[in-house]
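Visitor: Take this structure first; my questions come after.
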Amino acid sequence: MNRHQSCTLCHHDKFVALAAPYRHAGLVQCAKCGFVFSEFIPSQEELVAHYAKYDRSKDISEITVKRYSELLNEFSNAISGRTILDVGCGKGEFLEVALNNGWVCHGTEFDDHAVELCRQKGIQIFQGPLREYQPTQLPDVITSFEVIEHINNPDEELRKIYALLKPGGLFYFTTPNFNSLSRYLLKGKWNVIEYPEHLSYFTARVIDKKLQEIGFEKIHLDTTGISIQRLKTSAKKVPHGSTESNADQRFREKAESKPMYKLIKSSGNLLLNTLQLGDTLKGLYRKV
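For the sequence shown, our numbering gives the first residue as 989, with consecutive numbering after it.
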């Protein structure tokens, strides 16, 4: 198996292996920047076999559509342009909402089936890695939902995103938080740690420092949420691969309609964000 010889984020040549619960995924931590990544380099065959298992049949919930619309409104309030690029857009669920809100939508994706689904929705799609993407016009917004943890060239990817954006443009991303409360509770059982699914593991400090080094200005960076479903799945109480349609979705529905659950959710997120212990990093940055 091929292995990285330097940090994939800062390229420092010294890193240390993490303790036994994380060795199955080859996790190491850079001695300079503190970034955690898998030292293993997956082959193309490994990646194709792994991602062939993805289930793209499920539709997103009405609540997710609402959250996407709120996010698009936040973008509209921050910039005047309405061209958006979603990196690793899957079957185009976010971009479909953006299209319905009057945005000009572009996406990048690898999977043949996902690419075809996007084209059927009228999304302008590029099939292949971001480094090969050459737009006809620079986007006003670039989004990346649960993507950067899957790549083993994060420095190159983030710099390409910066280069692609218009001056003053926005970069929004979500990614698992390696410092989450869930990981501290579950340790090696935390099912975010999975090779070759996830190759890069970010914390708020590490991703913020890197983005500002590249030239981005932080608007906000939050660490929110704790997944009941992930806790159950990681503890083997439900089959691996179960989705938000179970415990998490039920709680989200209650938080939308019941004041007590809404208060619990908002209070919990406030605490998790303050302590930087939420399951998910959500960042909005501007190219300066």
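Virtual Cβ for every residue (Gly too), placed ideally from N, Cα, C.
Just so you know, these numbers come straight off a predicted model, no measurement behind them.
1) Spatial neighbours of H1228 within its chain, please: C-beta separation below 7 Å, excluding the five flanking residues on both sides.
2) Does DSSP put T1231 in a helix, in a strand, or in coil?
3) Go through its chain and collect everything with a Cβ distance to E1134's Cβ below 7 Å, but skip five positions before and after it.
4) Using CA atoms only, rank isn't needed, just tell me which of E1201, I1202, D1196 and S1245 is closest to K1270.
5) Which word fits N1165, buried or exposed, when buried means at least 16 other C-beta atoms lie within 10 angstroms of its C-beta?
6) Where does the unbroken alpha helix (DSSP H) through V1092 begin, and where does it stop?
7) Could you pull the start and end residues of the alpha helix (DSSP H) that P1142 belongs to?
8) Please determine, among T1131, L1187 and D1128, the residue with the shortest C-alpha to C-alpha distance to T1287.
9) Are there three or more Cβ pairs, one per stretch, closer than 8 Å when the region 1090 to 1097 is compared with the region 1031 to 1041?
10) So what's V1135 in DSSP terms, helix, strand or just coil?
11) Reducing DSSP to helix, strand and coil, say where C995 ends up.
12) Would you verify that the beta carbon of F1204 is, or is not, closer than 7 Å to some beta carbon of chain C?
13) Roughly how many whole angstroms lie between the Cα atoms of V1103 and L1259?
14) Can you give the Cα-Cα distance for F1114 and Y1121, rounded to whole angstroms?
15) Give the range of the beta strand (DSSP E) segment to which V1075 is assigned.
16) With E1104 as the anchor, note down where its alpha helix (DSSP H) starts and where it stops.
17) When the Cα atoms are used, what is the spatial distance from Y1189 to V1016?
18) Could you please give me the residues that DSSP links to H1000 through a beta bridge?
19) T1262: buried (16+ other C-beta within 10 angstroms of its C-beta) or exposed?
20) Just tell me which of Y1172, K1148 and T1268 has its CA closest to the CA of A1192.
21) Distance check for G1076 and K1111, CA to CA, integer angstroms please.
22) Let me make sure I understand the geometry here. Which of V1129, E1145 and E1182 has the alpha-carbon closest to that of P1030?
23) Consult DSSP for P1247 and reduce its assignment to one of helix, strand or coil.
24) Alpha carbon to alpha carbon, how far is S1215 from Q1200?
Guide: Checking against the coordinates, here is how it stands:
1) Because the pLDDT at H1228 is just 42, under 50, the model does not fix this residue reliably, and the point stays unresolved.
2) No answer about T1231 holds up, because its pLDDT of 46 lies below 50 and its placement is not dependable.
3) T1162 and T1163.
4) Considering only alpha carbons, the answer is D1196.
5) Only buried fits N1165, as 16 or more other CB atoms lie within 10 angstroms of its CB.
6) Boundaries for V1092: no alpha helix (DSSP H) harbours it, while the beta strand (DSSP E) harbouring it runs V1092 to E1097, taken from the DSSP string.
7) Unbroken alpha helix (DSSP H) run through P1142: P1142 to L1152.
8) Any property of residue 1287 remains undetermined from this structure, which presents the chain solely from 989 to 1276.
9) Counting Cβ pairs under 8 Å, fewer than three are found: no touch.
10) When DSSP states are grouped into helix, strand and coil, V1135 belongs to the coil group.
11) Coil at C995, not helix or strand.
12) Here chain C cannot be found, since the structure has a single protein chain.
13) Cα to Cα, the separation comes out at about 39 Å.
14) Distance between F1114 and Y1121, taken at the CA atoms: about 7 Å.
15) Boundaries of the beta strand (DSSP E) around V1075: T1071 to V1075.
16) From DSSP, the alpha helix (DSSP H) with E1104 extends over D1100 to Q1108.
17) If you take the alpha carbons of Y1189 and V1016, they lie about 10 Å apart.
18) In the DSSP output, where bridge partners are listed per residue, H1000 has none listed.
19) Of the other Cβ atoms in all chains shown, fewer than 16 fall within 10 Å of the Cβ of T1262; this residue is therefore exposed.
20) For A1192, the nearest C-alpha among the options comes from T1268.
21) According to the sequence shown, residue 1111 is Ile rather than Lys. Cα to Cα, I1111 sits roughly 13 Å from G1076.
22) Nearest of V1129, E1145 and E1182 to P1030, Cα basis: E1182.
23) The three-state secondary structure of P1247, taken from DSSP, is helix.
24) Taking C-alpha positions only, S1215 is separated from Q1200 by approximately 29 Å.
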